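This report refers to the structure that appears directly beneath it.
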Ligand SMILES: Cc1cc2nc3c(=O)[nH]c(=O)nc-3n(C[C@H](O)[C@H](O)[C@H](O)COP(=O)(O)OP(=O)(O)OC[C@H]3O[C@@H](n4cnc5c(N)ncnc54)[C@H](O)[C@@H]3O)c2cc1C
């Protein structure tokens, strides 16, 4: 469906299919943002604090279209006269129930602060919550710690001309056994004033996905491998990623004229030590009765403190975080 190289190898029909898919892809209006979920976060912020982008606030019909080019005025995020305040660079370090409310301690620029509220929703990582909230029962802490975030390395490679990649045909490559297991052209998104310019000889961004978890030695479960993968992610140097990018792209596109030394303009390595939420794996995890899985037991509200995040759904996707947020808000408003 995505124009995989395997289709090319099954002869005329496969090549025709790939061509067809390629032209379809050309005409698809992509339901994705070029900067991924960052735009979703910006849409939420703009809805909550319309003053951050005064020219577009309230323009519901073109809300999505303008989000890529909207310039945010960060000074509007945390104003005492606004009904919603968003405080950046503030790391919560302790959350506790107090009489008729919750007290949150946080650190900003190395200084400790406290705020009080009627309720609080912890929307960070499950693994952290037991440290933030010592009053949780021990059994609940253990359940919160069960899942281990999946480490991922998402590498963006800007090449000066996409010609050698386009000449190869496919849009996305699955490369099992290679350092980067997925290599894909960045989707050619055009949205509002933001226009894709990646056709023909124009520059192109390739996205290369590396999963740093090692092979199982027969003794480990998925959670062990993710922890080991995180360590590997931290100890791998940029030079290693750079070399692997060059070697793999040369192997894939060198035959069409790709020259890593000449053609690569920039490489950005995003190391997600705590990437995807843990999803149960039937090879290693038992089948819990409904309501008895660690994420279900772990997310119970305690007093006026609720828990919401994709970990609390044991699902690694944005919609899970939204489902969790809706659940946590309903716990509060009843
Ligand atoms: C590389 C990558 C690609 C992805 N691609 C997709 C995709 O294509 N589609 C999709 O649906 N999902 C995708 N996801 C998953 C999606 O991003 C997550 O499911 C979603 O962001 C989870 O939302 P969340 O609110 O649970 O956690 P997060 O978005 O991780 O938010 C948690 C927030 O809590 C903050 N925080 C943590 N600790 C503290 C503290 N002590 N004090 C204050 N703040 C704190 C963090 O800084 C962070 O901002 C991707 C994830 C990754 C890593």
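Numbering (the numbering used here), first residue to last: 3 to 336. Even for Gly, the Cβ is constructed at its ideal location relative to N, Cα and C. Remember, predicted model here, so these are calculated numbers, not experimental data.
- Nearest to residue 280 by C-alpha distance, out of 179, 317 and 109, is 317.
- Cα atoms of residue 209 and residue 325: separation of roughly 28 Å, rounded to the nearest angstrom.
- Counting only residues whose CB is nearer than 7 Å to a non-hydrogen atom of ligand 1, the list in chain order is 38, 39, 92, 93, 94, 95, 108, 125, 126, 127, 130, 134, 154, 156, 272, 274, 277, 278, 279, 311, 312, 313, 318, 319, 320, 321, 322, 323 and 326.
- Remark: C-beta atoms of residue 97 and residue 122 approach each other more closely than 8 Å.
- Here the region 176-183 lies against the region 249-265, with 3 or more beta-carbon pairs under 8 Å apart.
- If you compare the alpha carbons of 51, 71 and 110 with that of residue 82, the shortest gap goes to 51.
- A buried status is given to residue 157, since no fewer than 16 other beta-carbon atoms sit within 10 Å of its beta-carbon.
- If you draw a straight line from the Cα of residue 333 to the Cα of residue 93, it comes to about 24 Å.
- Listed as beta-bridge partners of residue 274 by DSSP are 154.
- The straight-line gap separating the alpha-carbon atoms of residue 189 and residue 263 is approximately 24 Å.
- Judged by beta-carbon spacing, residue 69 lies beyond the 8 Å limit of residue 46, meaning their Cβ atoms are not closer than that value.
- Beta-carbon to beta-carbon, residue 193 and residue 289 are separated by about 42 Å, too far to satisfy the 8 Å threshold.
- In this structure residue 321 is exposed. Its beta-carbon is surrounded by fewer than 16 other beta-carbon atoms within 10 angstroms.
- According to the DSSP assignment, residue 130 belongs to the alpha helix (DSSP H) that extends over 128-134.
- Of the other Cβ atoms in all chains shown, 16 or more fall within 10 Å of the Cβ of residue 151; this residue is therefore buried.
- With contact defined as three or more Cβ pairs closer than 8 Å, the region 290-306 and the region 141-155 are in contact.
- DSSP, reduced to helix, strand and coil, places residue 16 within a helical segment of the structure shown.
- Its chain contains 54 as the residues whose beta carbon lies nearer than 6 Å to that of residue 75, once the 5 sequence neighbours on both sides are disregarded; these appear in chain order.
- By a beta-carbon distance limit of 8 Å, residue 128 contacts residue 313. Their separation comes to about 4 Å.
- Residue pairing by DSSP places residue 122 opposite 307 in a beta bridge.
- The straight-line gap separating the alpha-carbon atoms of residue 236 and residue 164 is approximately 31 Å.
- In the three-state reduction of the DSSP assignment, residue 285 falls in the coil class, being assigned neither a helical nor a strand state.
- With respect to the C-alpha of residue 88, the residue from 105, 48 and 132 having the closest C-alpha is 48.
- Shown here, residue 56 sits in coil according to DSSP, grouped into three states, outside any helix or strand.
- Nearest to residue 269 by alpha-carbon distance, out of 169, 241, 101 and 37, is 241.
- Rounded to the nearest whole angstrom, the CA to CA distance from residue 113 to residue 106 is 14 Å.
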